[in-house]
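S.K.:
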Amino acid sequence: MTEFKHYPVMLNEAVDMLDCKEGLLYVDATLGGGGYSRLILDRIGKSGRLISFDVDKDAIEHSKNVLKDYDNLTIVNDSYTNIKKYLEENHIKEITGGIVFDLGASTPQLTNGERGFSFMTDAKLDMRFNQEQEFSAYDVVNGYREDDLVRIFSEYGEERFSKRIAKMIVEKRKNSPVKTTKELVDIILEATPKIKSKIHPATRVFQAIRIEVNGELENIKNTLNDVLTLLGNNAIIVVVTFHSLEDRIVKNFFRYHSNKCNCEPNKMICDCPKPRLELMTRKPLTANDLEIKENPPSRSAKLRAARRINK
1 MTEFKHYPVM LNEAVDMLDC KEGLLYVDAT LGGGGYSRLI LDRIGKSGRL ISFDVDKDAI
61 EHSKNVLKDY DNLTIVNDSY TNIKKYLEEN HIKEITGGIV FDLGASTPQL TNGERGFSFM
121 TDAKLDMRFN QEQEFSAYDV VNGYREDDLV RIFSEYGEER FSKRIAKMIV EKRKNSPVKT
181 TKELVDIILE ATPKIKSKIH PATRVFQAIR IEVNGELENI KNTLNDVLTL LGNNAIIVVV
241 TFHSLEDRIV KNFFRYHSNK CNCEPNKMIC DCPKPRLELM TRKPLTANDL EIKENPPSRS
301 AKLRAARRIN K
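Everything in the sequence shown is counted per my numbering, starting at 1 for the first residue and increasing by one.
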């Protein structure tokens, strides 16, 4: 088994927001290294229950060992997109306490050279969170049309040189497929001008491909809608995001469902239903200086929380 070490970002802030209580059901949508789960379990006592999800088998095996002493924990090797399906199949009507999401790739996924997430080591083009999924980064890089590559690099990576990079990829793959991360990095470096930046030129393209491969943004949108129907009254949803695209989805979702009115400005009579969420964070929480020093990736994290009301 691959060694799995993951730093849970804003651990105390996230679990504090959940306001854990004994006797209630909680969900950790993204188990990872088990950091959130362990703290939740410590706070809900033996009368509480936690169900934790992860699609990554390395994360599952690691966390099963770390959390083996907790009898009130159920670990599910499945994507958080299937939370609603799992609860329904197990006749669980509500998440009575709350749910936490730690979105994005974990440190072991990003640093494991074999998985193809990192542009710092050479590996096969992969980037799948779920290793049983067939569709991979190879299919995106070698199968997408030029205009589709431009779209995902622009939308998901906010890459300013999307057209140049996409054009170069299409040109290079005519001779032979792009098979490795190094080959892709070399293409990106050749396609982009040399400019001073703290960010590696491949960063945004790799992020965009990873999002596309794993359907991350659509998964977030769909799952938030599912979870809203599952939360019991006063149950809390906490979401930690790591880039602006994720945060925008969560922000807009929370805002829409916490507004008293979402009518068009010219509508005379409002017939909007009562708000279903109460914002607990008007502005997102961010990691403190000490955490950023200990774990630099946490600098981009944003935490938002809301409480289910009017159910």
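C-beta: ideal position from N, C-alpha, C; glycine also.
1) Find out if the Cβ-Cβ distance for the pair T281, A305 is shorter than 7 Å.
2) Whose CA, out of L279, V9, Q133 and S37, lies closest to the CA of V55?
3) Measuring CB to CB, does G97 end up less than 7 Å from L24?
4) Go to D16, then tell me how far its alpha helix (DSSP H) extends in each direction, as first and last residue.
5) Kindly list the residues whose CB is nearer than 6 Å to the CB of C270, restricted to its own chain and excluding five residues on each side of it in sequence; keep chain order.
6) Kindly give me the distance between the Cβ atoms of L125 and A137, rounded to whole angstroms, as I take these residues to be in contact under 8 Å.
7) If you measure between the beta carbons of I51 and T74, is that distance less than 7 Å?
8) How big is the Cα-Cα spacing for T229 and D19?
9) At what residue ranges does the region 195-270 contain a whole run of the alpha helix (DSSP H), taking only runs of 4 or more?
10) Could I get the ranges of all uninterrupted beta strand (DSSP E) runs contained in the region 30-71, with 3 residues as the minimum, in chain order?
11) How big is the Cα-Cα spacing for F129 and K274?
12) Under 8 Å, with one C-beta from each stretch per pair, do the region 215-225 and the region 197-204 reach the 3-pair mark?
13) Could you tell me which uninterrupted alpha helix (DSSP H) segments, each at least 4 residues in length, are contained entirely in the region 121-204, listed from first to last along the chain?
14) Kindly indicate which residue of G33, G232, R248 and R255 has the alpha-carbon position closest to the one of A301.
15) First and last residue of the alpha helix (DSSP H) that includes D289?
16) Considering only C-alpha positions, which residue in the set P177, K179 and I188 is nearest to R160?
17) Taking the beta carbon of R145 as the centre, do at least 16 other beta carbons fall within 10 Å, making it buried, or is it exposed?
18) State the Cα-Cα distance for the pair K172 and K163, rounded to the nearest angstrom.
19) Tell me which residues share the same chain as D78 and place their Cβ nearer than 7 Å to its Cβ, disregarding the 5 neighbours each side in the sequence.
20) With H, G and I counted as helix, E and B as strand and the rest as coil, what does DSSP make of Y80?
21) Could you check the C-alpha separation between R210 and K221 for me, to the nearest Å?
22) Quick one: grab the DSSP three-state call for L87.
23) What residues are listed by DSSP as bridge partners for G116?
24) Quick one: using the 10 Å Cβ neighbour count with 16 as the cut-off for buried, is M120 buried or exposed?
25) Closest by CA to M10, which one among E294, R307 and G48?
26) Is the separation between the beta-carbon of H36 and that of V100 shorter than 7 Å?
27) Please list, in chain order, all residues of the same chain as N310 whose beta carbon is under 7 Å from its beta carbon, the five residues on each side excluded.
28) May I have the straight-line CA-CA distance separating M1 from V66, to the nearest angstrom?
29) Cβ of S197 versus every heavy atom of the ligand FAD: is any distance shorter than 6 Å?
30) Since I believe Y26 is in contact with G48 (beta carbons under 8 Å), could you give me their beta-carbon distance rounded to a whole number of angstroms?
31) Given this structure, state the Cα-to-Cα distance separating E94 from D122, to the nearest angstrom.
M.R.: Put simply:
1) The criterion of a C-beta distance shorter than 7 Å is satisfied by T281 and A305.
2) Comparing Cα positions, the closest option is Q133.
3) Taking a C-beta distance under 7 Å as the contact criterion, G97 and L24 qualify as a contact pair.
4) Run containing D16: L11 to L18, per the alpha helix (DSSP H) assignment.
5) Cβ-Cβ distances below 6 Å link C270 to C261 and C263 in the same chain, with the five nearest sequence neighbours on each side left out; the list follows chain order.
6) Between A137 and L125 the Cβ distance is about 4 Å, and since that is below 8 Å, they are a contact.
7) It is a contact, given that the beta carbons lie within the stated cut-off.
8) The straight-line gap separating the alpha-carbon atoms of T229 and D19 is approximately 20 Å.
9) Under the rule that a run must span 4 or more residues, the alpha helix (DSSP H) segments found entirely inside the region 195-270 read 203-214, 216-230 and 244-258.
10) Qualifying beta strand (DSSP E) stretches, in chain order: 49-53.
11) Using only the alpha carbons, I get a separation of about 37 Å.
12) Under the Cβ criterion (8 Å, minimum of three pairs), the region 215-225 does not count as touching the region 197-204.
13) Counting whole runs of 4 or more residues, the region 121-204 contains the alpha helix (DSSP H) stretches 137-143, 146-157, 162-173 and 181-191.
14) A301 has its Cα closest to that of R248, out of G33, G232, R248 and R255.
15) D289 -> alpha helix (DSSP H) spans D289 to E294.
16) Distances from the CA of R160 to each of P177, K179 and I188 were compared; the closest alpha carbon is that of I188.
17) That one is exposed.
18) Approximately 14 Å, taken between the alpha carbons.
19) Within the same chain, D78 has close Cβ partners F53, V55 and Y86.
20) Helix.
21) For the pair R210 and K221, the Cα-to-Cα distance works out to about 17 Å.
22) Look at L87 here: in three-state DSSP terms it is helix.
23) Bridge pairing for G116: absent [DSSP].
24) Exposed, because fewer than 16 other Cβ atoms sit within 10 Å of the Cβ of M120.
25) Among E294, R307 and G48, the Cα nearest to that of M10 is on E294.
26) The amino acid at residue 36 is misidentified as His; the sequence shows Tyr. Yes, these two residues count as a Cβ contact at 7 Å.
27) Hits under 7 Å: K274, P275 and R276.
28) Because the pLDDT at M1 is just 44, under 50, the model does not fix this residue reliably, and the point stays unresolved.
29) By its list of ligands, the structure shown contains no ligand whatsoever, and the ligand FAD lies outside what it can speak to.
30) Indeed they touch by this definition, with Cβ atoms about 7 Å apart.
31) Distance between the alpha carbons of E94 and D122: 45 Å.
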